[in-house]
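K.L.:
The opening residue of the sequence shown carries number 199 in the working numbering; numbering runs sequentially from there. Glycine included, C-beta positions come from ideal geometry on N, C-alpha and C. This structure is in structure tokens; I'll ask about it shortly.
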Amino acid sequence: MTKAYLEDIIQNMDDTREVPVRKLPFWKNLFRFRDPAQWVIYMIIFAPAGLAFWAAGDGLLFRSLLFMALVLWLALTAAHRREPATELAKYHKVRGNEPLSKEEIQAVNLCARFIYRDMGWYHTLEAGPFCNNAQLAKDPVNDIEFKFLKFYFSDSRAKMLKNDWGLSGRKSTLDMLEKLCLGRQHRTAIINNIDQDGLDRIYKFMTQESEMDPAELHRVIFDDEQEFGVASLAAERKVFSTLKISEKELQTYITEMLQDFGNTQPVLVMGMDLKSKILTYARQLGREIFKSDLKHIYNMPAEAIEYIFKPQGRHGIIPLGWAYDISRGVFVTRSAYMAGYLTKEDAWEQLHNFRMIAAEVFDSWESFFCSEVLGYYAWYSGHSSADESTNAAQQTAQSVLGALKQQFPISNQVDWPESTQESRAMIDGLIAQDGANPFFRPETLEPSLAQQPIPDISAGAGATLH
Numbered sequence: 199m200t201k202a203y204l205e206d207i208i209q210n211m212d213d214t215r216e217v218p219v220r221k222l223p224f225w226k227n228l229f230r231f232r233d234p235a236q237w238v239i240y241m242i243i244f245a246p247a248g249l250a251f252w253a254a255g256d257g258l259l260f261r262s263l264l265f266m267a268l269v270l271w272l273a274l275t276a277a278h279r280r281e282p283a284t285e286l287a288k289y290h291k292v293r294g295n296e297p298l299s300k301e302e303i304q305a306v307n308l309c310a311r312f313i314y315r316d317m318g319w320y321h322t323l324e325a326g327p328f329c330n331n332a333q334l335a336k337d338p339v340n341d342i343e344f345k346f347l348k349f350y351f352s353d354s355r356a357k358m359l360k361n362d363w364g365l366s367g368r369k370s371t372l373d374m375l376e377k378l379c380l381g382r383q384h385r386t387a388i389i390n391n392i393d394q395d396g397l398d399r400i401y402k403f404m405t406q407e408s409e410m411d412p413a414e415l416h417r418v419i420f421d422d423e424q425e426f427g428v429a430s431l432a433a434e435r436k437v438f439s440t441l442k443i444s445e446k447e448l449q450t451y452i453t454e455m456l457q458d459f460g461n462t463q464p465v466l467v468m469g470m471d472l473k474s475k476i477l478t479y480a481r482q483l484g485r486e487i488f489k490s491d492l493k494h495i496y497n498m499p500a501e502a503i504e505y506i507f508k509p510q511g512r513h514g515i516i517p518l519g520w521a522y523d524i525s526r527g528v529f530v531t532r533s534a535y536m537a538g539y540l541t542k543e544d545a546w547e548q549l550h551n552f553r554m555i556a557a558e559v560f561d562s563w564e565s566f567f568c569s570e571v572l573g574y575y576a577w578y579s580g581h582s583s584a585d586e587s588t589n590a591a592q593q594t595a596q597s598v599l600g601a602l603k604q605q606f607p608i609s610n611q612v613d614w615p616e617s618t619q620e621s622r623a624m625i626d627g628l629i630a631q632d633g634a635n636p637f638f639r640p641e642t643l644e645p646s647l648a649q650q651p652i653p654d655i656s657a658g659a660g661a662t663l664h
């Protein structure tokens with residue numbers, strides 16, 4: 199990161215992604231004939247030269263005054279072209295916005311997807327210019343006329359938090375932020391999708407030679423009260439006999455499918471009953487399906503994909519979709535500050551917590567964004583079809599890739615947060631509090647390691663638009 203990014207407030211204009219703020223077009227601002235005030239300026243600038251020409255003709259005096267008038271005209275035009283940047287600096291001054299530290303910039307930009315999508319602000323706690331509609335007289339911004347900044351009233355932010363997130367004050371906001379920070383909303387929700395995609399492929403293969411449809415096969419395997427039952431080896435053989443395939447053929451199919459996705463590891467077989475075996479196969483296959491989708495549909499980097507599906511750190515935490523919760527938490531924190539639910543001190547405390555968790559769980563912006571796309575798909579699929587979820591997740595992927603390609607202020611401008619003693623203590627406390635590693639582990643495929651039952655992991659009340 200260059201020194202300037204830490205010492206100066208370099209900010210995109212509201213509703214743009216360009217930094218520094220672009221100047222107004224030269225030619226359009228050189229001749230502003232529709233502005234009555236500009237005609238007065240023209241008259242004042244060129245009046246002395248006109249009088250000199252009327253009195254003395256085309257002489258040295260006229261040419262000198264005309265040259266001075268042209269220089270002054272160009273200078274005023276240049277100043278006008280810089281008005282958006284000047285206005286932005288004036289806003290920061292009356293707001294008392296100070297340049298952020300590297301750590302604060304890292305925390306704020308954990309919601310880079312929202313920033314890029316909304317063309318918001320990267321370098322301040324607030325997500326864009328705002329006024330407190332309930333206290334207009336006390337807001338210093340309202341004493342100054344702004345032409346280029348678009349303002350959002352704090353009550354409109356509060357309305358958004360109420361309608362979209364079910365938040366109405368400080369307590370409900372802090373409760374939601376704690377759940378998001380600790381990944382208790384959508385961290386492992388993708389397991390449902392992994393299971394389903396894997397089971398769909400397996401059931402299609404298993405029923406291709408029989409009259410049994412996939413739905414009936416699922417009931418047979420996972421409902422112990424069905425006539426076959428699957429607890430005994432004899433019952434398991436009866437299932438395969440009815441389907442006209444052997445378990446060896448099923449394992450061969452799984453092996454070939456995994457190899458098609460580039461996984462050359464031996465197929466893991468866990469459990470003695472058919473239910474456990476099928477779930478083991480499904481999770482191995484479903485995991486490779488999602489890894490392939492992340493690479494080929496969402497254009498996520500291969501290294502980041504591998505990272506979020508493998509145990510990381512001292513506790514063997516598998517990130518999965520945790521970044522989706524973190525990103526949403528940072529977005530809610532900034533919005534709650536603007537709505538007046540959180541003080542500036544509250545907001546920075548929450549952002550500090552999100553930053554510490556992110557530093558412990560992820561190793562780069564790329565792995566963080568990849569996890570966010572995965573978590574977003576899992577959330578969206580909870581209330582939409584697979585095609586709709588894929589399309590929505592593609593838009594999310596475009597936002598995070600756009601933020602990376604832009605390379606400001608993340609990637610090469612802002613390093614990924616480093617693990618510290620404080621962040622390690624925080625993750626240790628989380629693991630100790632839950633009593634065991636609460637993360638699903640695709641490497642061992644032990645269903646018992648999922649702390650919460652899969653159906654209980656769902657979106658919070660009101661969180662339907664993000």
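Would you check if the distance between the CB atom of Y578 and the CB atom of A595 is smaller than 7 Å?
P.N.:
Within the sequence shown, residue 578 is the residue found at index 380, counting from 1. Within the sequence shown, residue 595 is the residue found at index 397, counting from 1. No.
K.L.:
Taking only heavy atoms of the ligand SAM into account, decide whether any of them is closer than 6 Å to the Cβ of I503.
P.N.:
Here there are no bound small molecules, and the ligand SAM is not part of this structure.
K.L.:
Which full runs of the beta strand (DSSP E) of 3+ residues lie inside the stretch 555 to 625, going along the chain?
P.N.:
Fully enclosed beta strand (DSSP E) runs of 3 or longer: not present.
K.L.:
Which residues mark the beginning and the end of the alpha helix (DSSP H) in which L380 is found?
P.N.:
The count along the sequence shown starts at 1 and reaches residue 380 at position 182. From DSSP, L380 is part of no alpha helix (DSSP H); its letter is neither H nor E.
K.L.:
Taking the alpha carbon of W563 as the point to measure from, which residue in Q593, I503, E414, S370 has its own alpha carbon closest?
P.N.:
Here residue 563 refers to the residue found at position 365 when the sequence shown is read from its first residue. The option with the nearest alpha carbon to W563 is I503.
K.L.:
Since N461 is in the alpha helix (DSSP H), which residue starts that stretch and which ends it?
P.N.:
In the sequence shown, counting from the first residue as 1, residue 461 sits at position 263. From DSSP, N461 is part of no alpha helix (DSSP H); its letter is neither H nor E.
K.L.:
With 16 other CB atoms within 10 Å as the buried threshold, where does P327 fall?
P.N.:
Position 129 of the sequence shown, counting from 1, holds the residue named residue 327. Buried, by the Cβ-count rule.
K.L.:
Buried or exposed: which applies to F638, given that a residue is buried once 16 or more other Cβ atoms fall within 10 Å of its Cβ?
P.N.:
Residue 638 sits at position 440 when you count from the first residue of the sequence shown. At F638 the pLDDT is 45, less than 50, meaning the model places this residue with poor confidence; the figure from the coordinates comes in the next sentence. Buried, since its Cβ has 16 or more Cβ neighbours within 10 Å.
K.L.:
Specify, as a first and last residue, the run of the alpha helix (DSSP H) that I524 falls within.
P.N.:
Residue 524 sits at position 326 when you count from the first residue of the sequence shown. Its alpha helix (DSSP H) spans residues 520 to 537.
K.L.:
For N391, does the count of other Cβ atoms within 10 angstroms reach 16, so buried, or fall short, so exposed?
P.N.:
Residue 391 sits at position 193 when you count from the first residue of the sequence shown. Buried, since its Cβ has 16 or more Cβ neighbours within 10 Å.
K.L.:
If you reduce the DSSP assignment to three classes, tell me which class Q510 lands in.
P.N.:
For the purposes of this step, residue 510 is taken as the residue at position 312 of the sequence shown. Reduced to three states, the DSSP call for Q510 is strand.
K.L.:
Decide if the stretch 609 to 625 is in contact with the stretch 546 to 563; the criterion is three or more beta carbon pairs, one per stretch, under 8 Å apart.
P.N.:
The stretch 609 to 625 is in contact with the stretch 546 to 563.
K.L.:
Measure the Cβ-Cβ separation of Y314 and S597 and say whether it is below 7 Å.
P.N.:
Here residue 314 corresponds to residue number 116 of the sequence shown, with the count starting at 1. Here residue 597 corresponds to residue number 399 of the sequence shown, with the count starting at 1. A contact, by the Cβ cut-off of 7 Å.
K.L.:
DSSP three-state call for Y350: helix, strand or coil?
P.N.:
In the sequence shown, the residue the question calls residue 350 occupies position 152. If DSSP states are grouped into helix, strand and coil, Y350 belongs with the strands.
K.L.:
Below 6 Å CB to CB, which residues in the same chain sit around F529 once its five sequence neighbours on both sides are set aside?
P.N.:
In the sequence shown, the residue the question calls residue 529 occupies position 331. Same-chain partners within the cutoff: C309, F312.
K.L.:
Please report the distance separating the alpha-carbon of F675 from that of F344.
P.N.:
This structure gives no information on residue 675, because the portion of the chain shown stretches from 199 to 664.
K.L.:
Just the Cα atoms here: how many angstroms apart are A482 and C568?
P.N.:
To locate residue 482, count along the sequence shown from 1; it is residue 284. To locate residue 568, count along the sequence shown from 1; it is residue 370. The sequence given here places Gln at residue 482; Ala does not occur at that position. If I take the Cα positions, the gap works out to 19 Å.
K.L.:
Classify E425 as buried or exposed, calling it buried when 16 or more other Cβ atoms lie within 10 Å of its own Cβ.
P.N.:
Counted from its first residue, the sequence shown places residue 425 at position 227. Low confidence applies here, because E425 scores a pLDDT of 44, under 50, leaving its location unreliable; read the following figure in that light. That one is exposed.
K.L.:
I'd like the list of long-range same chain contacts for A534, defined as Cβ closer than 6 Å, with 5 residues on each side in sequence excluded.
P.N.:
Along the sequence shown, read from residue 1 onward, the residue named residue 534 stands at position 336. T371, L540.
K.L.:
For C329, list the residues DSSP reports as bridge partners.
P.N.:
Within the sequence shown, the letter at position 131 stands for residue 329. Note: C329 sits in a beta bridge opposite F351.
K.L.:
Excluding sequence positions up to five away, which residues of its chain have a Cβ less than 6 Å from the Cβ of N227?
P.N.:
Counting from one through the sequence shown, the residue named residue 227 turns up at place 29. T275, H278, R279.
K.L.:
Assuming I476 and I516 make a contact with CB atoms under 8 Å, what is their CB distance in whole Å?
P.N.:
Here residue 476 refers to the residue found at position 278 of the sequence shown. Here residue 516 refers to the residue found at position 318 of the sequence shown. In fact, because the Cβ distance is near 22 Å, the residues do not count as touching under 8 Å.
K.L.:
Please return the same chain residues whose Cβ sits closer than 7 Å to the Cβ of Q304, not counting the five positions on each side in sequence.
P.N.:
For the purposes of this step, residue 304 is taken as residue 106 along the sequence shown, with counting starting at 1. So the qualifying residues of the chain are R553, V612, P615.
K.L.:
Can you tell me where the alpha helix (DSSP H) with A305 in it begins and where it stops?
P.N.:
Indexing the sequence shown from 1 puts residue 305 at position 107. Run containing A305: 300 to 306, per the alpha helix (DSSP H) assignment.
K.L.:
Let me confirm a value: Q548 is counted as buried when at least 16 other C-beta atoms fall within 10 Å, else exposed. Which label applies?
P.N.:
Here the question's residue 548 lines up with position 350 in the sequence shown. Q548 is buried by the Cβ-count criterion.
K.L.:
Buried or exposed, going by whether 16 or more other CB atoms sit within 10 Å of the CB of L643?
P.N.:
As a working note, residue 643 is residue 445 in the sequence shown. Confidence at L643 is low in this model, with a pLDDT of 40, below 50, so the placement of that residue is unreliable and no value is reported for it.
K.L.:
Would you mind sorting I389 into buried or exposed? The rule is 16 or more other CB atoms within 10 Å of its CB.
P.N.:
Position 191 of the sequence shown, counted from the start, is the residue given in the question as residue 389. Under this definition I389 is a buried residue.
K.L.:
At which residues does the alpha helix (DSSP H) containing A283 begin and terminate?
P.N.:
Taking the sequence shown and counting its residues from 1, the one referred to as residue 283 is at position 85. Residues 281 to 293.
K.L.:
Mapping the DSSP letters down to three states, classify E425 as helix, strand or coil.
P.N.:
Translated into positions along the sequence shown, residue 425 becomes position 227. Model confidence at E425 stands at a pLDDT of 44, short of 50, so the residue's coordinates are unreliable; what they give is reported in the following sentence. Residue state, collapsed to three classes: coil.
K.L.:
Report the rounded CA-to-CA distance for F438 versus G484, giving the unit in angstroms.
P.N.:
Reading the sequence shown from its first residue, position 240 is the one you call residue 438. Reading the sequence shown from its first residue, position 286 is the one you call residue 484. F438 and G484: Cα-Cα distance of roughly 22 Å.
K.L.:
Looking at C-beta atoms only, is the number of pairs between the stretch 464 to 474 and the stretch 439 to 456 that lie closer than 8 Å three or more?
P.N.:
Yes, the stretch 464 to 474 touches the stretch 439 to 456.
K.L.:
Do the CB positions of G519 and H321 come within less than 7 Å of each other?
P.N.:
Walking along the sequence shown from the start, residue 519 turns up at place 321. Walking along the sequence shown from the start, residue 321 turns up at place 123. For G519 and H321, no; Cβs fall outside 7 Å.
K.L.:
Quick one: is L258 buried, meaning 16 or more other Cβ sit within 10 Å of its Cβ, or exposed?
P.N.:
Locating residue 258 in the sequence shown gives position 60, counting from the first residue. Per the 10 Å Cβ criterion, exposed.
K.L.:
Tell me which residues share the same chain as T405 and place their Cβ nearer than 8 Å to its Cβ, disregarding the 5 neighbours each side in the sequence.
P.N.:
The count along the sequence shown starts at 1 and reaches residue 405 at position 207. Excluding residues within five positions, the ones whose Cβ falls inside 8 Å are D411, P412, L415, L441.
K.L.:
Just how far apart, CA to CA, sit V217 and E324?
P.N.:
Counting from 1 along the sequence shown, the entry for residue 217 is found at position 19. Counting from 1 along the sequence shown, the entry for residue 324 is found at position 126. Using only the alpha carbons, I get a separation of about 17 Å.
K.L.:
Return the Cβ separation of Q209 and L286 in integer angstroms, given the expectation that the two are a contact with Cβ distance under 8 Å.
P.N.:
The residue given as residue 209 occupies position 11 in the sequence shown. The residue given as residue 286 occupies position 88 in the sequence shown. Q209 to L286, Cβ: 6 Å. Contact.
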